[in-house]
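Residue numbers (this note's numbering): 1033 to 1188.
Structure record follows, encoded as structure tokens.
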């Protein structure tokens, strides 16, 4: 009886192995056929690259501001002096017309008593703009009397 159980298991294993072999052969033939049809389309897609947005170089006034482009993202960076430490900032995107963005940069004074010592604040803000950005105009709002009142950046 033990021999017949072993023989039954061995026979079942051979049958399953044969079915898996047949299924693998059929699958390989199907995939080969499928890839043969898809290959020309894939080659055509690789031959015609998707047009990318041109990388533009921007110049800003004052020149302490820098505007850089990465695809649809335009990042404005600078370092500004403030009359006390712990200033923060907020950027308000006001208007976006014909590839021109108008925004406001608010320099926000800290609350409470602060040392009266010149400090610096790093500004880094990213604007998203799907079309080509031709110009960025920023009004600077602050409660002290030095530094830029406005920033203008255009591509060269």
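Here a beta-carbon is modelled for each residue, glycine too, at the ideal position from N, C-alpha and C.
Note that this is a predicted model, so its numbers are computed, not measured.
Of the residues the options, which one's Cα is nearest the Cα of residue i?
| i | options | result |
| --- | --- | --- |
| residue 1211 | 1107, 1102, 1094 and 1090 | The first residue shown for the chain is 1033 and the last is 1188, placing residue 1211 beyond what the model contains. |
| residue 1186 | 1102, 1180 and 1166 | 1166 |
| residue 1109 | 1103, 1117, 1118 and 1099 | 1099 |
| residue 1118 | 1103, 1150, 1133 and 1091 | 1150 |
| residue 1087 | 1097, 1105 and 1145 | 1105 |
| residue 1174 | 1091, 1146, 1120 and 1139 | 1139 |
| residue 1168 | 1121, 1180, 1133 and 1102 | 1133 |
| residue 1178 | 1143, 1184, 1146 and 1113 | 1113 |
| residue 1120 | 1184, 1143 and 1180 | 1143 |
Could you tell me whether the Cβ atoms of residue i and residue j are closer together than 8 Å?
| i | j | result |
| --- | --- | --- |
| residue 1115 | residue 1093 | no |
| residue 1141 | residue 1123 | no |
| residue 1131 | residue 1163 | yes |
| residue 1172 | residue 1137 | yes |
| residue 1152 | residue 1111 | yes |
| residue 1159 | residue 1125 | yes |
| residue 1157 | residue 1128 | no |
| residue 1188 | residue 1096 | no |
So what does DSSP say about residue i, is it helix, strand or coil?
| i | result |
| --- | --- |
| residue 1181 | coil |
Practice item. Identify every run of the beta strand (DSSP E) within the region 1084-1150, keeping only runs that are complete inside it and at least 3 residues long; order them along the chain. Key: 1090-1093, 1098-1102, 1105-1114, 1120-1129 and 1132-1140
Practice item. Give, in chain order, every unbroken run of the alpha helix (DSSP H) that is at least 4 residues long and sits entirely within the region 1146-1178. Key: none
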